[in-house]
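Enquirer:
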Amino acid sequence: MEQKIKAPHVVLLASPGMGHLIPIAELAKRLVIHHNFTATVVTFSGFSSQTPHHLSLLSSLPAGITSLSLPHISIDDLPSDARAMTPISTTIARSRPLLHDILLNLKSSGTLAAFVVDNLGLAALPVAKEIGVLGYLLFTSCFTMLSVELHLPELLGTVTCDLRDHPDPLRLPGCSEIRGRDLPEPIRNRSHPGHRLAIYQSSVYMEAAGILVNSFEALEPGPAEALKSGNPPVYPIGPLVRTRPLESADCLRWLDRQPEASVVFVSFGSVGAVSRAQAEEIALGLEMSKNRFLWVVRVAGQGEIPAARVLPEGFVERTKEVGMVVEGWAPQMSVLGHVATGGFISHCGWNSVLESLVNGVAMAAWPLQHEQPMNARMIVEEVRIAVRVRMGGEGLVRREEVCRAVRELMEGEETGKVARARAREMREAAAKAVGEEGSSCRAFAEVVGLWRSCLSKKA
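Each residue of the sequence shown is one higher than the one before, starting from 139 at the first, in my numbering.
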């Protein structure tokens, strides 16, 4: 009787946060559904791993994908005021013995083809080399940010000041001009506690057998082409975004009652929060615009206080005919894919950029932190799928600017009109990239072929 050939297996490590879990999970699904692999998605206990949205995503994974949560890792010895990246990077580094045992056990089956980490999980990448398996990186941001990471030592070597203070634009192969002040704080500021970690991570990138990028050639042609000839090899396989699940939520039922392309969606990601003063300006600006809106409210220090109590008195009641306020979270992909949604005010996290793009929804760029200012500049000035939200004095976007941005995004005849048309064009480009014979489809097939051939040589 002929022995059944076991499917190749890949282990994927998702760093804490939905922004990392979503592309890791989508990569696993693509392997299983389109290439007949099996996969294990490894997550971390603590952080955001026990939120309903996190658990719901893991429980929805198809047959062929196993999810595994690592046991709690103590980081009690860290200072109480340690920055967010320090607990995450420390937890990942201390998880290496556990990951070593998991991978070694799977390798004994003879089917382990690769170990994939995301860019926050770089501390775990050396485990692949320890046990003799291919180690790959899934880069969950754009090509331009990857170029910065790969060239960081030489960038720092060319300047005598902090990158944030460098007066001239930074230039990298294939990239448009990069402003130092737009880079993540640990990179642009030498005195930041995470600066040394950023330099270390730049060196770890070189240990990867390959880098998979959650972007596509038509979105970033310059840096994508420039990085093709580098080492390690780089593969554009995006967009990796969550397929629209069948969800039931009050906000979706509310959208069902709104006219086509009439609603502006306002959300600053799964963790982004604004101050009370800024929330007040947003509220009054939305009201001033007279546009329909769906706003996911998350105010710093809000705690369990209902949104209605942190917003201007009477706002929710006054706008109930044209707007809906949602506490903390909304099914973003379903909202963006709804026919009533016509625009998206966003913090420009890369997942949000891609989710808006694949749905053909133009954006108003309102970056908050990390690489978001660089993403914002790119989608406003280069890709032209967004209008810019202008910051005012005291670090606030004033109500008048909120009103202006909404009106320009939804019905403007200048940058808004261009953004709406370009968003529709990029929706088609994204679909083409991941379609049969598309650039991302071909690049991923090449990686899968390498994994299969490497496994067959060991058999």
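Positions of the beta carbon are idealized from the N, C-alpha and C atoms, including for glycine.
Quick one: Cα of Gly498 to Cα of Val527, how far?
Expert: 19 Å
Enquirer: Between Arg598 and the rest of its own chain, which residues show a CB-CB distance below 7 Å, the 5 nearest in sequence each way excluded?
Expert: It is not possible to answer for residue 598, since the shown part of the chain is limited to 139 through 597.
Enquirer: What do you get for Ser246, buried or exposed, if any count of 16 or more other CB atoms within 10 angstroms of its CB means buried?
Expert: exposed
Enquirer: Which one of Ser591, Val149, Val572, His191 has the shortest CA to CA distance from Leu263?
Expert: Val149
Enquirer: Determine, using beta carbons only, whether Ile269 and Leu241 come nearer to each other than 8 Å.
Expert: yes
Enquirer: Could you tell me if Met283 is buried or exposed, where buried requires 16 or more neighbouring beta carbons within 10 angstroms of its beta carbon?
Expert: buried
Enquirer: Rounded to whole angstroms, what is the Cα-Cα separation between His333 and Leu294?
Expert: Whole-angstrom Cα-Cα distance: 11 Å.
Enquirer: Starting from Glu520, follow the beta strand (DSSP E) in both directions and report where the run begins and ends.
Expert: No beta strand (DSSP E) contains Glu520, which DSSP labels as neither H nor E.
Enquirer: Helix, strand or coil for Met344? Go by DSSP, reduced to three states.
Expert: coil
Enquirer: What's the call for Ser212, buried or exposed, on a 16-neighbour Cβ count within 10 Å?
Expert: exposed
Enquirer: Keeping to the same chain, check which residues put their C-beta closer than 7 Å to that of Pro200; ignore five residues upstream and five downstream.
Expert: Lys167, Val170, Ile171
Enquirer: Are Trp392 and Met471 touching if we call contact CB-CB under 8 Å?
Expert: no
Enquirer: On the criterion of 16 or more Cβ atoms from any shown chain inside 10 Å, does Leu196 qualify as buried, or is it exposed?
Expert: That one is buried.
Enquirer: In the DSSP assignment, what are the bridge partners of Tyr373?
Expert: Under DSSP, Tyr373 forms a beta bridge with Leu350.
Enquirer: May I ask you to report which of helix, strand or coil DSSP gives His238?
Expert: Secondary structure of His238 (DSSP, three-state): helix.
Enquirer: For Gln141, which of helix, strand or coil comes out of DSSP?
Expert: Legend: pLDDT at Gln141 = 43, less than 50; position of this residue unreliable, no value from coordinates given.
Enquirer: Applying the criterion that 16 or more other CB atoms from any shown protein chain within 10 Å of the CB defines a buried residue, is His210 buried or exposed?
Expert: exposed
Enquirer: Met548: which of Val409, Ala446, Lys428 sits nearest, CA to CA?
Expert: Lys428
Enquirer: For Ser490, name the three-state secondary structure that DSSP assigns.
Expert: helix
Enquirer: Rounded to whole angstroms, how far is the Cβ of Leu275 from the Cβ of Ala346, which I believe are closer than 8 Å?
Expert: 4 Å
Enquirer: Among Glu287, Pro331, Met426, Arg302, which one has its Cα closest to the Cα of Leu310?
Expert: Glu287
Enquirer: Using only the alpha-carbon positions, how far apart do Ala266 and Arg456 sit?
Expert: 58 Å
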